[in-house]
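Mapping of the sequence shown onto this note's numbering: residues 5 to 226, in sequence order.
A virtual CB, placed ideally from N, CA and C, is assigned to each residue, including glycine.
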Amino acid sequence: MKKHTLRLLAALLAAAAVAGLAAAPIIYFKISDKLLLNREFTTDELPQIAIGSSEIEFLKGAEEYLCGTAYETTAEECGVEEMISALDDFLSAMPFLEEMKIAVMCSLNEASYCDAYGTEHVKTYTCYNKDYVMPAQEVVAAVEDGTQKVVAFSIRFSAEISIADSESERLKFMEKYLEYSTLDVLPDWKYNGSRYYSETVGLFLNVVLDDENKIIYIGLER
Numbered sequence: 005m006k007k008h009t010l011r012l013l014a015a016l017l018a019a020a021a022v023a024g025l026a027a028a029p030i031i032y033f034k035i036s037d038k039l040l041l042n043r044e045f046t047t048d049e050l051p052q053i054a055i056g057s058s059e060i061e062f063l064k065g066a067e068e069y070l071c072g073t074a075y076e077t078t079a080e081e082c083g084v085e086e087m088i089s090a091l092d093d094f095l096s097a098m099p100f101l102e103e104m105k106i107a108v109m110c111s112l113n114e115a116s117y118c119d120a121y122g123t124e125h126v127k128t129y130t131c132y133n134k135d136y137v138m139p140a141q142e143v144v145a146a147v148e149d150g151t152q153k154v155v156a157f158s159i160r161f162s163a164e165i166s167i168a169d170s171e172s173e174r175l176k177f178m179e180k181y182l183e184y185s186t187l188d189v190l191p192d193w194k195y196n197g198s199r200y201y202s203e204t205v206g207l208f209l210n211v212v213l214d215d216e217n218k219i220i221y222i223g224l225e226r
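Shown next, in the form of structure tokens:
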């Protein structure tokens with residue numbers, strides 16, 4: 005298992021233990037064994053699709069993150085302003101999270117701990133709060149450097165926050181994420197009853213809404 009996944013698991017486990025949620029399910033990426041970092045996404049490869057340079061840049065960053073083949077930077081403490089800036093557009097674009105944006109930003113500003121690590125082109129931020137009254141107890145976000153768009157995101161809320169976890173809500177999140185990332189230019193996204201999948205780029209899009217454990221997860225997967 006790659007280092008970035010281990011760190012994500014460790015962060016979620018540590019936060020869950022602090023909050024008394026050690027039995028909570030762990031939400032994480034399914035990482036492919038294939039080393040696809042050298043794959044080149046080009047407009048020639050996608051002849052019928054109006055895909056731009058920013059989408060290509062984002063897709064290459066997503067491949068890098070999911071495959072875990074690039075070097076990883078040393079974990080370092082980061083300013084929370086950097087994470088807030090990266091999440092601003094993302095939170096505004098997502099159902100429910102848009103309503104919670106101010107509360108989430110306040111929680112990040114009051115974070116007990118925040119660090120950043122990553123691959124060459126994708127930085128992963130982790131922030132958590134020891135103060136149980138803060139709405140957002142933990143936030144983890146993987147952000148592609150060039151486009152500043154989110155590849156993966158998870159948040160664990162405090163106990164009093166209610167999360168609508170219906171199938172229709174999951175679909176809303178997925179559709180909004182495709183709009184936000186501009187990957188909706190790919191015409192072959194299909195819902196398989198669990199996740200969206202694009203055969204063109206070989207990526208899944210998954211959303212988990214878990215009211216019992218107060219977790220929301222959104223991300224591209226292999």
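Residue nearest to Ala-66 in terms of C-alpha spacing, selected from Asp-92, Met-104 and Val-205 = Residue Val-205 is the option with its Cα nearest to Ala-66.
task = Using the DSSP secondary-structure output, state which residues sit across from Val-108 in a beta bridge.
result = Answer is none; Val-108 lacks a bridge partner.
inquiry  = Short of 7 Å in beta carbon distance, which residues of its chain neighbour Met-109, apart from the five on each side in sequence? Order them along the chain.
reply    = If you ignore the 5 residues before and after Met-109, its C-beta comes within less than 7 Å of the C-beta of Ile-88, all in its own chain and listed in chain order.
ask   = Skipping 5 residues on each side, what residues in its chain have a beta carbon closer than 6 Å to that of Lys-134?
value = In its chain, beyond the 5 residues on either side, Ser-116 have a beta carbon closer than 6 Å to the beta carbon of Lys-134.
Three CB pairs or more closer than 8 Å across the region 145-164 and the region 125-133 = A contact is defined here as three or more CB-CB pairs under 8 Å, and the region 145-164 meets this definition with respect to the region 125-133.
query = Is it the case that the Cβ atoms of Lys-105 and Leu-112 are separated by a distance below 8 Å?
reply = Result no, Cβ atoms of Lys-105 and Leu-112 do not sit closer than 8 Å.
ask   = In terms of residues, what are the limits of the alpha helix (DSSP H) holding Ala-97?
value = Run containing Ala-97: 84-97, per the alpha helix (DSSP H) assignment.
ask   = Does the count of Cβ pairs from the region 165-179 and the region 201-215 closer than 8 Å reach three?
value = Contact check between the region 165-179 and the region 201-215: three or more CB pairs, one atom from each, fall below 8 Å, which counts as touching.
task = Counting only the same chain and skipping the five closest in sequence on each side, list residues whose C-beta sits under 7 Å from that of Arg-43.
result = Reliability fails at Arg-43, whose pLDDT of 47 lies under 50, so the model's placement of it is uncertain and the value that follows must be treated cautiously. The answer, listed in chain order, is Glu-67.
Neighbourhood of Phe-62 by C-beta distance below 6 Å, restricted to the same chain and skipping five residues each side = Glu-148, Thr-151 and Lys-153.
query = Are Ala-97 and Glu-225 close, meaning C-beta to C-beta below 8 Å?
reply = No; because the gap between Cβ atoms is not below 8 Å, this pair is not in contact.
Identity of the residues DSSP links to Thr-130 by a beta bridge = Asp-119 and Val-144.
task = Under 8 Å by Cβ, that's how I've got Phe-157 and Pro-99 pegged, so tell me the actual separation to the nearest angstrom.
result = For Phe-157 against Pro-99, the beta-carbon gap comes to about 13 Å, at or over 8 Å, which does not count as contact.
ask   = Thinking C-alpha only, which one of Ser-185, Tyr-136 and Gly-223 is nearest Asp-93?
value = Ser-185 is the residue among Ser-185, Tyr-136 and Gly-223 whose C-alpha sits nearest the C-alpha of Asp-93.
query = What first and last residue would you give for the alpha helix (DSSP H) that runs through Tyr-184?
reply = Looking at the DSSP string, the run of the alpha helix (DSSP H) that includes Tyr-184 is 171-185.
query = Can you tell me the Cα-Cα spacing of Ala-107 and Ala-168, whole angstroms?
reply = Approximately 17 Å, taken between the alpha carbons.
task = In angstroms with no decimal places, state the Cα-to-Cα distance between Ile-159 and Tyr-121.
result = Linking Ile-159 to Tyr-121 through their CA atoms gives a straight-line distance of about 18 Å.
Separation of Ser-58 from Leu-187, as counted between CA atoms = Leu-187 and Ser-58 have their C-alpha atoms some 10 Å from each other.
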